[in-house]
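Below is one structure; the comments refer to it alone.
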Amino acid sequence: MGAVDPAPEVEARSPRRRGSLKRELWNLPNVLTLGRVAVIPPFVLFTYWADPLHSFLAAILFSAAAATDVLDGWLARRLGLVTVMGKFMDPLADKLIVMAALVMLTRLGRVASGVVILILSREFIVSGLRTIAISEGMVISASQGGKWKTSLQVIGIVALLIHYTHRIDFLFTVQSIDFNAVGTWLLYLSLVASIASAVGYFRAFWRGLPAPA
1 MGAVDPAPEV EARSPRRRGS LKRELWNLPN VLTLGRVAVI PPFVLFTYWA DPLHSFLAAI
61 LFSAAAATDV LDGWLARRLG LVTVMGKFMD PLADKLIVMA ALVMLTRLGR VASGVVILIL
121 SREFIVSGLR TIAISEGMVI SASQGGKWKT SLQVIGIVAL LIHYTHRIDF LFTVQSIDFN
181 AVGTWLLYLS LVASIASAVG YFRAFWRGLP APA
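As numbered in this note's numbering, residues 1 to 213 make up the sequence shown, in order.
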């Protein structure tokens, strides 16, 4: 046998940067982001059991995750803790829990598989487009249509997670609400907003490209 090659070494050109990334991981906004990832296993378990109580608990966990998404972004800007690690983890955590919810809802027959394929395909396509835009020196910010998409999608998923018909006291009247029907309509509306915002992102990308020499 020939001489054994030494183990590969990681070239540390910027030790300060490596250390800063480790510190960034444990600041408050990023800890909240990690918390969103941590609730995915119990969320999936509650959704799997699918009885009225656990469906409601799954909806609460998903709602809490959505609330921390808003909170960690606000804290990062308020406390001056916008970091490279946060920019990577925040959208990743969002996509993971939304993907988990949609997959479980498809398994339960509460969402058509074609709708889930369209929603997830749009997310991957837009993420890829933004990556290409960054390589071209462009930053495509979230559009108003994208924000509407997110809001409708989150509320629709929460309603689909609750699923069952419940009687709600509106102070002046008591109504039976079919949460599955409400969630289905909201998810369809979010799909329309999703496709429209994706078209807007492509237009913004195309307009931002420099003219060929």
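Cβ atoms here follow ideal geometry from the backbone N, Cα and C, with glycine treated the same way. All figures in this text were calculated on a predicted structure; none of them were measured in a lab.
- Between Ile119 and Leu191, the beta carbon gap of about 6 Å places them in contact (Cβ cut-off 8 Å).
- Excluding residues up to 5 positions away in sequence, Arg122, Lys149 lie with their Cβ nearer than 6 Å to the Cβ of Ser194 in the same chain.
- The DSSP assignment places 144-162 as complete runs of the alpha helix (DSSP H) inside the segment 142-182, in order along the chain (cut-off: 4 residues).
- The alpha-carbon separation between Val98 and Ile168 amounts to approximately 26 Å.
- Rounded to the nearest whole angstrom, the CA to CA distance from His166 to Thr184 is 16 Å.
- For Met138, the secondary structure class from DSSP, reduced to helix, strand or coil, is coil.
- By a beta-carbon distance limit of 8 Å, Leu108 does not contact Gly156. Their separation comes to about 15 Å.
- In this chain, the alpha helix (DSSP H) harbouring Pro91 covers 84-107.
- At the C-beta level, Val44 and Ala93 stay beyond 8 Å of one another.
- Separation of Ile132 and Phe202 (C-alpha to C-alpha, rounded to the nearest whole angstrom) is 11 Å.
- In this structure, Leu152 lies away from Asn180, with their beta-carbon atoms at least 8 Å apart.
- Around His163, the same chain offers Ser55, Arg110, Phe179, Asn180 as residues with beta carbons nearer than 7 Å, after the five sequence neighbours per side are excluded.
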